[in-house]
Structures are given as C-alpha cells and as structure tokens.
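Structure, as structure tokens:
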Amino acid sequence: MDILLGVGGSELSYHALEETVERAKETGDTLTVAIFDNEEVGTDADTVRKQVEETLDTAGFEASIRRLEGGSPGSQIVELAESEAFDRIVLGGGERSTLGKIQLGSIVEFVLLNAQTPVTLIR
Amino acid sequence: MSRDYPDEPAGEFPRPPRTVTDREGRDIELVSADEADRDGIVRMYVAFAPADRAQGIPPDKKDAIENWLDTILGDDCLNVVARDDDAVAGHATLVPDREGDFELAIFVLQPYQGAGIGTELVETLLGLGQQEGIGNVWLTVERWNDPAIALYRKVGFETSSAESFEVEMGINL
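Protein chains in written order, with our numbering: chain A, 1453 to 1575; chain B, 19 to 191.
What follows is the structure, given as structure tokens:
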C-alpha cells in the first residue's frame, strides 16, 4: 500500500509516525510523510522535518518527505491523497484534556469528513 | 488555547451539602467529595454502561478508572457526588486546566438518569466552585448529545465554539 502520513508536530503526530514506520517495516508499505505547520500546536515545518528525519534514521526506514505549504493542511492532505492515488491516509490525533476527555483537532476532523481515501486515526 | 466566556457572571448556585427529591421520589444527598469517597465512586464507574461514555471517559476497566480518579480526586480538583443512601448515583468534577480555568464533567448512573439529578449535581458543583473562588468553567460535549447540551444551557452555560464534533461551552462564576 501507498501510505500518506500527515505530521504537524504534535506529540500524537510523532507517536503516529513511530507506529506507522514500525508497521510499514513489517508490511512493506511505501510511506510518504507530509509535514506541515499545525497552528493549534505552534510548531514550524522545519522543526517537524528534523524530528521526522531523525525518527526515520533511527528506525533505518526510507520514506519520502513532502512539505505542505499554505494555511489549510487538512485540505492539502486530502488533495494530495487523491491526486497521487494514495491507498490510505494516516493521522495522529485525539488529544486528552487533563480531565481525560478526548477532542479531535480541526485538521483531523477536516480529513475524516472530507477524504475520499480511507483514513486511519492513531490515538 | 484561549476560550471565550460570558461577560456577565452567573447568579448564585446552591452549595453542598444539600438534599433534593428527584422526579422518582428518591431523596438524593449532594455532598462534596474527595479521596475518602473513592470506593463508592469506583463502584459507580464500574457499573457504568459503555454506551453512556463520552469522549473516552469514564474508562471501562477498574485499573483505568482508578488511574483516572487519581487525577480527578486530586487536591486541586473539586468534586460533588449524588448519593442515594450509601450508593453513589452521580458524580460531577471540576479539574483545573493549564490556563487556570476549570473543565467540568458530570456522570449519572443509568438507573438515576432522567430524574433531574444531573441538573442538581451541576448546580451544586458550581456552587462549590463559587465558594472556592473559581472564575471560569468550560466543558465540551458531543454535538449530538442534545439532553446534555440542554442541561448545560439551562444552568447558564453559553456555547463558545460549535465548529467541531464537540460543542464547547463556558460559564463565568
């Protein structure tokens, strides 16, 4: 499978990266990591890229990295998945408040509602 | 994340302890609760129906419930339980967030739902919050949970964001 993983710099997006790399090593899936600025987290794409490269190096796994520009990462993930015929979109998300309630961020929610591609959410 | 709250503070809420008669004629005691009440609260959550969970809480296994209560029953949180004799029928909690505001959640055990206990619990918890000098309280609720949204609105919460799966509401004590 061709997998498109979105990473915006949240803890949960890095967790999803690690899980996806582990799984792709077993299944032989091809992985593309789309990195972007997540305004809700306040990271920048350069920092995210560094972290993604480090994780891939440590795991000894090859994946292409794509940078999404613009203010609407959710719609860009959806478009990229469709235009390049990815088989699956993977995202991390579902942050818990201190009280324990899970909330989905706006990017995850946009992708879940609008993607024509199957979506896996890693919590 | 910054949240919006109503400009006008809410009126005065009743403070615990108090006893109310629910719509089924049961006398329900509303009392502030802490670590000492853990066993009764755990029993309530172990009996809780999975279908009534919301946004991942309460957890379903006893160990996970105990872990969760470690946070909820902490010294910086406020809790009120509704008791029918010795049994805990409902529980409401205020937990501080990183901004110094408080997040509210409430759960009522299935046999006690629809009898007005939820409203009394929330009001009594907000009364305890006023007594302790708490300012802003917020909550999130699933968009399709109309009974809960109606309850919060009746108590005085106002919707601050309704753009996602969860509606966010706030009140200024």
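Each residue gets a CB set at the ideal place from its N, CA and C atoms; glycine is no exception.
These numbers come from a predicted model, not from an experiment.
| query | result |
| --- | --- |
| Alpha carbon of Q73(B) to alpha carbon of M1453(A), nearest angstrom | 31 Å |
| Completely contained beta strand (DSSP E) runs for the stretch 84 to 111 of chain B, where each covers 3 or more residues | 96 to 102 |
| Nearest-angstrom Cα separation, counted from E1514(A) out to K1502(A) | 15 Å |
| The stretch 28 to 46 of chain B contacting the stretch 1554 to 1566 of chain A, beta-carbon criterion three pairs below 8 Å | no |
| Neighbouring residues, chain A, relative to D115(B) (Cβ below 9 Å) | S1549, T1550 and L1551 |
| CB contact check: E1561(A) to chain B, cutoff 8 Å | yes |
| Proximity to V1623(A) [Cα-Cα], best of G1480(A), G1494(A), E1478(A) and D1481(A) | The shown model of chain A, from 1453 to 1575, leaves out residue 1623(A), and the question about it has no answer. |
| Segment contact, 8 Å Cβ cut-off, at least three pairs: the stretch 128 to 136 of chain B with the stretch 86 to 98 of chain B | no |
| When R21(B), F66(B), D115(B) and E138(B) are compared against L169(B), the one with the closest alpha-carbon | E138(B) |
| Residues of its chain near I167(B), where Cβ-Cβ distance is below 7 Å and the 5 sequence neighbours each way are ignored | V159 and V185 |
| First and last residue of the uninterrupted beta strand (DSSP E) at R56(B) | Premise fails: R56(B) lies in the alpha helix (DSSP H), R56 to V64, not in any beta strand (DSSP E). |
| Cβ-based burial, A133(B) [other Cβ within 10 Å; buried from 16] | buried |
| Segment limits, beta strand (DSSP E) that includes L1454(A) | According to the sequence as given, residue 1454(A) is Asp; it is not Leu. Its beta strand (DSSP E) spans residues D1454 to V1459. |
| Near-chain A residues of the stretch 180 to 191 of chain B - C-beta to any C-beta below 7 Å | S182, F183 and E184 |
| L1556(A) at chain B interface by Cβ criterion, 8 Å | yes |
| Q73(B) (DSSP reduced to helix, strand or coil) | coil |
| Simplified DSSP state of N154(B), which is helix, strand or coil | strand |
| At least 3 beta-carbon pairs within less than 8 Å: the stretch 1549 to 1558 of chain A vs the stretch 1505 to 1523 of chain A | no |
| For L1456(A) and L1543(A), the rounded distance between their alpha carbons | 9 Å |
| Listed by chain order, chain A residues near I75(B) by CB distance under 7 Å | G1552 and K1553 |
| Beta bridge counterpart(s) of F125(B) as assigned by DSSP | H109(B) |
| Proximity test, I1554(A) beta-carbon vs the ligand COA heavy atom, cut-off 7 Å | Among the components of this structure there are no ligands whatsoever, and the ligand COA is therefore not found. |
| A51(B): contacting residues in chain A (beta-carbon distance under 7 Å) | Those within 7 Å of A51(B) in chain A number zero; the least Cβ separation is about 16 Å. |
| C-beta atoms of I75(B) and A123(B) nearer than 8 Å | yes |
| The beta strand (DSSP E) enclosing E176(B), as first and last residue numbers | E176 to S179 |
| Chain A contact for A54(B) (CB, 8 Å cutoff) | no |
| Own chain partners of P68(B) with C-beta closer than 8 Å, once the 5 adjacent residues on each side are dropped | D78 |
| Member of L144(B), A100(B) and F120(B) whose CA lies at the smallest distance from the CA of I5(B) | Since the displayed chain B opens at 19 and closes at 191, residue 5(B) lies outside it and no answer follows. |
| Residue-level contact to chain A via CB, E121(B), 8 Å cutoff | yes |
| Neighbourhood of P34(B) by C-beta distance below 6 Å, restricted to the same chain and skipping five residues each side | L48, V49, S50, V98, T142 and L146 |
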